[in-house]
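The structure appears below as structure tokens.
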Amino acid sequence: MGISRISSGGLVLATLAVVYALNVVGGDPRFENTFGYFTNLTSLFASLVILTAGIATLRGRPSGRPLAIARAAAASCLVIVGLVYNLLVPGTGTAPPWASVILHLVFPVLALLDWLLVTDRPRLAWREIWWVLPYPIVWLAATLIRGVTEGWVPYGFLLPSRGTTAILWTSTGLLAALLAAAALVWAGQRTSRAGLDSMGD
Numbered sequence: 205m206g207i208s209r210i211s212s213g214g215l216v217l218a219t220l221a222v223v224y225a226l227n228v229v230g231g232d233p234r235f236e237n238t239f240g241y242f243t244n245l246t247s248l249f250a251s252l253v254i255l256t257a258g259i260a261t262l263r264g265r266p267s268g269r270p271l272a273i274a275r276a277a278a279a280s281c282l283v284i285v286g287l288v289y290n291l292l293v294p295g296t297g298t299a300p301p302w303a304s305v306i307l308h309l310v311f312p313v314l315a316l317l318d319w320l321l322v323t324d325r326p327r328l329a330w331r332e333i334w335w336v337l338p339y340p341i342v343w344l345a346a347t348l349i350r351g352v353t354e355g356w357v358p359y360g361f362l363l364p365s366r367g368t369t370a371i372l373w374t375s376t377g378l379l380a381a382l383l384a385a386a387a388l389v390w391a392g393q394r395t396s397r398a399g400l401d402s403m404g405d
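Here you go:
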């Protein structure tokens, strides 16, 4: 499992590197533009989490509570990445088709299966579900600030020209959807031993 995690994390990092390189060649060398997209930034975050979990597995160490929370948050965000892209905006974006498949389908599925089926972690309490929110809230705030100050946003529904009310409703809807995805992640967690429940307390 450790090798599988490291391999999947490495594959995603390599994919993101190619996407960034293609953007540079295409005339957009700004790192913050490539990783201003929620898909790319979330994939970067999740791949680092998966790599960390893989290294811990190879060392014979189950995930402690902080890493388990990071895995749950990453899985929740990737569920949103996969659902929004594949159900609402399939085929859009500037990434090559093969990269889009990896980032919007393969990696979200692998991360979710890793969370649901691999039990080397403590069970998370429902009160800890709120830990999924800080990262997307910071991303959203930074994106909106860039939209106002630079006129650049990764998605049209965040354009300042839509008005404060529309953006507020959209942002609230996105965060609510994320919490719904997190609820599924929390509900689906399994542990192989009751002793894992208290790990990291």
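Quick note, our numbering runs 204 ahead of the 1-based positions in the sequence shown.
Built from N, CA and C at the ideal position, the CB exists for glycine as well.
According to the DSSP assignment, Trp373 belongs to the alpha helix (DSSP H) that extends over 368-391.
Residue environment analysis places Thr298 among the exposed positions, since fewer than 16 neighbouring C-beta atoms fall within 10 angstroms of its C-beta. For a cut-off of 8 Å, the C-beta gap from Gly206 to Thr261 is around 3 Å, short enough to register as a contact. For Pro312, the enclosing alpha helix (DSSP H) begins and ends at 311-321.
If you compare the alpha carbons of Gly268, Gln393, Asn244 with that of Tyr289, the shortest gap goes to Asn244. If you look at Thr256, you'll find it in the alpha helix (DSSP H) that goes 242-262. In this structure, the CA atom of Gly286 is about 17 Å from the CA atom of Leu215. Looking at the backbone, the Cα of Thr347 and that of Pro233 are separated by about 18 Å.
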